[in-house]
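Visitor: One structure coming up, written as structure tokens, with questions to follow.
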Amino acid sequence: MGHLSSFIQTMLTFFYHLTSKLGFPNYGVAIIFLTISIKMLLFPFTLKQVKSMQRLRDLNPQIQEIREKYKENKSKQQYKVAMLYRESGVKPFGGCFPLLIQMPFLSGIFYTIKNFNYVSQPHFLWIKNLANTDPFYILPILAAITTYISSQQTIAGSNQNKLILIMPLFIGYMAMRFPAGLGLYWVVSNLFQIAQQWLLFRKPLASQQASS
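For the sequence shown, the numbering used here gives the first residue as 231, with consecutive numbering after it.
Below, the structure is given as structure tokens:
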């Protein structure tokens, strides 16, 4: 984590100097540039997540049929669903892997913003200091809302519906407790993710598989 945090600090410093050269030195804008760069770096994992979620959505009608047919026999219902996943080559929680990949970067961002040696006051819009919490809780609310929207796009299947509510609340709570810069990162990351997923879900899965 130390090496990753150092790398992210270097990137943040680079983007801050870039904003200075552009005539508006601002750490908030630098965090936005940093976030977009990280999301582009993680794009292959996002593509894998979207493919996995699309396959799950395609199987949902068959899964509902199995659950209705074997609603009195839960063990057989679970067995038939598992067999359907196996025959289709689908991993029901495969879409969670990209989120796990992103967590080290989230931790690295946290330690970077918490321990960063700012050369100027790290203000951004209504936030006077990105190293402190958002005084108006705007970023935590936005973080929760955008996490919910992103989850609605990707999480498929009734057995995962609870995650749609748990994750936004968890992320919103984290954004309330941690530096506002982390909340800014999460909101921008979610918005970028939502746009990516919207574009990717519009493309037929078969054409994606043929090109991969």
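From the three backbone atoms N, C-alpha and C, an ideal C-beta is built for every residue, glycine too.
1) Return helix, strand or coil for A436, following the three-state DSSP convention.
2) Got a sec? Which residues, its chain only, sit under 6 Å from T265 by beta carbon, not counting five neighbours each side?
3) Could you tell me the boundaries of the alpha helix (DSSP H) in which G253 lies?
4) Sort out for me which residues DSSP pairs F354 with in a bridge.
5) Curious, which full-length beta strand (DSSP E) runs of at least 3 residues does the stretch 241-313 contain?
6) What is the DSSP secondary structure of N362, counted as helix, strand or coil?
7) In this structure, does DSSP put G413 in helix, strand or coil?
8) Let's test the definition: count the other Cβ atoms within 10 Å of the Cβ of F422 and tell me whether it reaches 16, buried, or not, exposed.
9) With DSSP as the reference, label Y348 as helix, strand or coil.
Guide: Judging by the given coordinates:
1) With a pLDDT of 38 at A436, under the threshold of 50, the modelled position of that residue is not reliable, and no figure is offered here.
2) Y415, V418, S419
3) Here G253 belongs to no alpha helix (DSSP H), and DSSP marks it neither H nor E.
4) I357
5) none
6) coil
7) helix
8) buried
9) coil
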